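*Asks:*
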Amino acid sequence: MYILFFFMTFIRIFYCQINDFQTICQAGIRQDNTNYIHCGRKQLIEIPNFTRITNTFYDELVLNDNQIIEIHSNAFQGLRVKRLNLSGNKMRFVSSDAFIELSNYLEELI
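When we follow this note's numbering, the leftmost residue of the sequence shown carries the number 303, and every step to the right adds one.
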């Protein structure tokens with residue numbers, strides 16, 4: 303019983319750490335006062351969870367050169383970003399409403 307509890311707790315913690323952008327990506331402000339989230343070249347297979355971000359506008363989100371092949375509905379939920387870099391990923395499927403959360407903010411998609 304204790305082993306099962308330990309195993310389930312470990313899996314839950316491990317999954318949250320993998321999927322949460324704050325543990326895999328770097329965020330900051332450049333010298334020109336633009337703020338960014340950099341998740342490029344991290345071997346990601348899916349879009350990280352950005353739901354913890356509230357009321358913050360980012361000039362750029364970099365997700366280039368990962369292993370992302372699918373972008374599902376509301377993948378960018380809670381995110382406000384002007385420029386999105388997805389180059390270097392081998393997209394096979396992009397949901398028709400994948401970018402719905404970004405519709406009022408996104409100006410450039412790379």
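Think of the CB as a built atom: it goes at the ideal place given N, C-alpha and C, for glycine as much as any other residue. Nothing here was measured: the structure is a model prediction, and the numbers come from that model.
Mapping DSSP to helix, strand and coil, what is residue 274?
*Replies:* There is simply no residue 274 to check, as the chain begins at 303 and stops at 412 in what is shown.
*Asks:* Quick one, which of 347, 361 and 368 has its alpha-carbon nearest residue 332's?
*Replies:* 361
*Asks:* Let me check understanding here. Comparing Cα to Cα, which of 351, 412, 381 and 325 lies closest to residue 390?
*Replies:* 412
*Asks:* Reducing DSSP to helix, strand and coil, say where residue 323 ends up.
*Replies:* When DSSP states are grouped into helix, strand and coil, residue 323 belongs to the helix group.
*Asks:* Output yes or no for whether 9 Å exceeds the beta carbon distance between residue 405 and residue 374.
*Replies:* no
*Asks:* By the 10 Å Cβ neighbour count, where 16 or more other Cβ atoms means buried, how is residue 371 classified, buried or exposed?
*Replies:* The residue in question, residue 371, is exposed, as its Cβ has fewer than 16 Cβ neighbours within 10 Å.
*Asks:* Throw me the rounded Cβ distance for the residue 401 and residue 381 pair, which I believe falls under 8 Å.
*Replies:* Not quite, the Cβ-Cβ distance comes to about 10 Å (not below 8 Å), so this is no contact.
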